[in-house]
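There are 2 protein chains.
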Amino acid sequence: MKEPNVLTMKDIAKMLKVSVATVSRALKDSPNISREQREKIQKFAREHNYYPNVIAEQLRHTRSAPTKVIGVIVPEFVHYYFSSILSGIEREAYKQGYRILVAQSNEQYTREVEICESFFQNKVCGIIVSQAKDTKKYDHFLRMLDNGVPLVFYDRICAGINCNRVVVDDYMGTFNAVSYLIERGSKRVAYFGTDLDLEIGKNRFNGYKDALQKNSIPFDESLVKLCDTGQQAELVTPGVLAMRNRPDAIFAVNDDTAIGVLQTTKRMGFKVPDDVMICGFTNGFRATSCDPMLTTVEQRGVEVGKQAVEVLVDRLQGKHPINHVEKRIVKTRLVIRGTTR
Amino acid sequence: MKEPNVLTMKDIAKMLKVSVATVSRALKDSPNISREQREKIQKFAREHNYYPNVIAEQLRHTRSAPTKVIGVIVPEFVHYYFSSILSGIEREAYKQGYRILVAQSNEQYTREVEICESFFQNKVCGIIVSQAKDTKKYDHFLRMLDNGVPLVFYDRICAGINCNRVVVDDYMGTFNAVSYLIERGSKRVAYFGTDLDLEIGKNRFNGYKDALQKNSIPFDESLVKLCDTGQQAELVTPGVLAMRNRPDAIFAVNDDTAIGVLQTTKRMGFKVPDDVMICGFTNGFRATSCDPMLTTVEQRGVEVGKQAVEVLVDRLQGKHPINHVEKRIVKTRLVIRGTTR
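Chains as they are written, first to last, in the numbering used here: chain A, 1 to 341; chain B, 1 to 341.
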């Protein structure tokens, strides 16, 4: 498959006196070789304008024609945000002449590993994936990279790999939403959020904290709750609204939680938005079903899916040096409805 | 690929002095041969216990190993019912060792045709499909059948082909829901439904009419509206509730419409359920988001998807004579919440 006058990994390996596997790992930013060696090899590749030939690479690995099929891993289909991302992926893939093999991990690491293997057997040309909540190891992802199957992460990014990704602007989305609550008169904004281990949880929390600071409102630990489902909201909200110095606004990291907060708040006899303002994050169908309708951050799943395909196809067509990592951030937008004054 | 002592289409063709293509069409219930000939060939096949060997058949057609990939066509992913069906399909397919290629028709005939062709090129072993609203011709489906690619329809069935199908019990689901509204004191139940051309629309409407009749409530044309989206509901509801002899209950064929009715009814100052009872059909996330929460018919999408895969796999494994058509009906169940007394 070698093309004339094109530098291959083999050439680089020969010149640097290392194994091809080492070169391959280095160019894929695999952490399982020493940092020095990785950087040395990447520097060399850059200087000699090494460009990947993924098709050829894949041929070497799979010994059969590369497919125009993209593997897509979704934590769960029955979820507004994920189904809109899937919709964006399918439309863009179709436009670019690709088909998609789809599987859901059901948030399980073991299932995710099996899916990767089966996608590889099905000779997918790349994988677009949102990591399962359950996933703490990422050897299965590295295996794909080592076998020349490019990955693009969306929504939940694998912390262990410096890899192509498309996410929404969680930080600014939250910063703007919380700033708006303050602008509308809130003096005490509560934050109902997720696990700070997840990058997405961290970014939203920082957006919240910075919005308070920028508006010189003191940060109050007691207003921050680990609560990211509607059911949890029904358990957590009563305690929060029973505080002597109760919040006059609650920001929740997703619509399901926000609606749980809204329903519980109303049940307790508080008026929304007069007594308590509420803001969510998603803008799914539920946001226009509740009463009053939900002010929320539009997460633009279709756009995220579309861009994930663009990033993968660029990679497949060798638009960038192989060690280039594309990180895209999709802007969110605040949709103002009845739960805010 | 011929196995010893197994009757092939070729054998049947020879014995009946017709072409193999004719036999193939007859055994696939293709309407484009004469009814007599079709029945004669099917009778012969039954009598001689002809069983299909789909794998071999597929090999003859595609000249390559059969894949364990099922093609799935969904009208649109961002839709609670369809995403739950897709979830059921994926889980069952995975359990049975199949992968799924997924595409959305966006309710367009042309797109549906392209998807079928691309699925065929991708050598899917079968196709599970819900017909696009836009589809009036079905030559693309017949082409698949004639090429040995079995089809299973779900939700929206192709009227033109006597084919494997899995649907929910629209008739009984509606009959029971409307009977319940009457049991709870309704004297006048309005019906907001879809196009009667669609089988699904016809069955639900008949369930409504029969429920009235069984409870000896006169049928009133003026209470039947063509209205199956939330936006339409906002336009149609005011007129209906302004009638001199207004309905005291409204049954809507899906939750989106029912929630549009609920929001408009409240906006007009009527109390739900005291002045007007409302019942939907889906039981998606929206049903528990509105206030009061929606009484609705649970549509069991995951079960529909699961059974669609079962039907296809039975067919692939030749569990039934090739001319056998499997028609499954999944029972619905009424979920009672706050929009009914």
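Ideal Cβ positions, reconstructed from N, Cα and C, are used throughout, including at glycine.
Residues of chain A with CB closer than 7 Å to the CB of residue i, please, in chain order.
i, result
"valine 272 of chain B", "Ordered by position in chain A, no residue passes the 7 Å Cβ test against valine 272 of chain B, which lies about 11 Å from the chain."
"isoleucine 259 of chain B", "Ser289"
"serine 216 of chain B", "Simply none; closest approach about 36 Å."
"serine 83 of chain B", "Phe77, Val78, Ser83"
Please confirm whether residue i has its beta-carbon closer than 8 Å to some beta-carbon of chain B.
i, result
"arginine 283 of chain A", "According to the sequence shown, residue 283 of chain A is asparagine rather than arginine. Not one chain B Cβ lies under 8 Å of asparagine 283 of chain A."
Straight-line CA distance for residue i to residue j?
i, j, result
"threonine 264 of chain B", "threonine 237 of chain B", "7 Å"
"lysine 306 of chain A", "lysine 327 of chain A", "14 Å"
"valine 276 of chain B", "threonine 257 of chain B", "15 Å"
"phenylalanine 153 of chain A", "valine 261 of chain A", "31 Å"
"isoleucine 217 of chain B", "leucine 334 of chain B", "21 Å"
"aspartate 155 of chain A", "leucine 142 of chain A", "19 Å"
"asparagine 215 of chain B", "aspartate 248 of chain B", "16 Å"
"alanine 93 of chain A", "tyrosine 109 of chain A", "26 Å"
"tyrosine 138 of chain A", "glycine 88 of chain A", "26 Å"
"glutamate 36 of chain A", "glutamate 107 of chain B", "54 Å"
"glutamate 39 of chain A", "lysine 95 of chain A", "37 Å"
"alanine 252 of chain B", "arginine 300 of chain A", "30 Å"
"valine 168 of chain B", "leucine 294 of chain B", "20 Å"
"leucine 226 of chain B", "leucine 235 of chain B", "11 Å"
"glutamate 310 of chain A", "glycine 318 of chain A", "12 Å"
"methionine 172 of chain B", "methionine 144 of chain B", "33 Å"
"histidine 19 of chain B", "threonine 8 of chain B", "Reading off the sequence shown, one finds serine at residue 19 of chain B, where the question assumed histidine. Spanning the two alpha carbons is a distance of roughly 13 Å."
"arginine 63 of chain A", "threonine 174 of chain B", "Its pLDDT being 37, under 50, arginine 63 of chain A is placed unreliably by the model, and nothing is read from it."
"cysteine 116 of chain A", "histidine 140 of chain A", "7 Å"
"lysine 250 of chain A", "valine 302 of chain A", "It should be noted that the sequence gives isoleucine, not lysine, for residue 250 of chain A. Rounded to whole angstroms, isoleucine 250 of chain A to valine 302 of chain A spans 27 Å at the Cα level."
"asparagine 5 of chain B", "lysine 14 of chain B", "Residue placement at asparagine 5 of chain B cannot be trusted, given a pLDDT of 45 that sits under 50; the coordinates are not used to answer."
"lysine 266 of chain A", "isoleucine 73 of chain A", "38 Å"
"arginine 111 of chain B", "serine 105 of chain B", "5 Å"
"glutamine 42 of chain B", "asparagine 323 of chain B", "7 Å"
"arginine 244 of chain B", "aspartate 220 of chain B", "14 Å"
"serine 130 of chain A", "glycine 269 of chain B", "45 Å"
Taking CB distances under 8 Å as the criterion, tell me whether residue i reaches chain A.
i, result
"phenylalanine 120 of chain B", "no"
"phenylalanine 153 of chain B", "no"
"leucine 86 of chain B", "yes"
"arginine 337 of chain B", "no"
"arginine 99 of chain B", "yes"
At 8 Å on the CB atoms, spell out the chain B contacts of residue i, in chain order.
i, result
"glutamate 90 of chain A", "Phe77, Val102, Ala103, Gln104"
"tyrosine 94 of chain A", "Ala103"
Who are the Cβ neighbours of residue i in its own chain at under 6 Å, not counting the five residues just before and after it?
i, result
"glycine 284 of chain B", "Tyr80, Asp255"
"proline 273 of chain B", "Thr339, Thr340, Arg341"
"valine 54 of chain B", "The predicted position of valine 54 of chain B is uncertain, since its pLDDT is 42 and thus under 50; a value taken from the coordinates is nonetheless stated next. Cβ within range, chain order: Leu316."
"proline 150 of chain B", "Gly126, Arg315"
"tyrosine 98 of chain B", "Lys68, Ile70"
"leucine 223 of chain B", "Ala190, Pro247"
"isoleucine 170 of chain A", "Per the sequence presented here, residue 170 of chain A reads as aspartate, with isoleucine not at that position. Only Ile200, Asn203, Arg204 meet the Cβ criterion."
"alanine 65 of chain A", "Model confidence at alanine 65 of chain A stands at a pLDDT of 49, short of 50, so the residue's coordinates are unreliable; what they give is reported in the following sentence. Once the five neighbours on either side are set aside, alanine 65 of chain A has no close Cβ partner at all."
"aspartate 134 of chain A", "Glu107, Gln108, Tyr109"
"arginine 188 of chain A", "Pro247, Asp248"
"valine 113 of chain B", "His140"
"serine 118 of chain A", "none"
"isoleucine 157 of chain A", "Arg165, Glu199"
"isoleucine 336 of chain B", "Thr295"
"leucine 212 of chain B", "Phe219"
Within its chain, find whatever has a CB closer than 8 Å to the CB of residue i; leave out the 5 residues flanking it on each side and keep chain order.
i, result
"serine 202 of chain B", "Inspection of the sequence shows that residue 202 of chain B is occupied by lysine rather than by serine. Only Leu196 meet the Cβ criterion."
"lysine 17 of chain B", "none"
Leaving out five residues on either side along the sequence, give the residues of the same chain with a beta carbon under 7 Å from the beta carbon of residue i.
i, result
"isoleucine 33 of chain B", "Thr22, Arg25, Ala26"
"alanine 308 of chain A", "Ile89, Ile128, Val152, Tyr154, Val166"
"aspartate 11 of chain A", "none"
"alanine 242 of chain A", "none"
Using a cut-off of 7 Å between C-beta atoms, extract the partners of residue i located in chain B.
i, result
"arginine 286 of chain A", "Phe285, Arg286, Ser289"
Would you say residue i lies against chain E (beta-carbon separation less than 8 Å)?
i, result
"glutamate 234 of chain A", "Here chain E cannot be found, since the structure's protein chains are A and B."
Practice task
With a floor of 3 residues, list each beta strand (DSSP E) that falls wholly inside the stretch 273–322 of chain A, ordered by position along the chain.
Solution key: 277–282, 295–298
Practice task
Can you check the stretch 83–138 of chain B for any beta strand (DSSP E) of at least 3 residues that lies completely inside it and give the ranges in chain order?
Solution key: 99–104, 126–129
Handout entry: Within the stretch 170–248 of chain A, ranges of the alpha helix (DSSP H) (whole runs, at least 4 residues)
Key = 170–183, 199–214, 230–241
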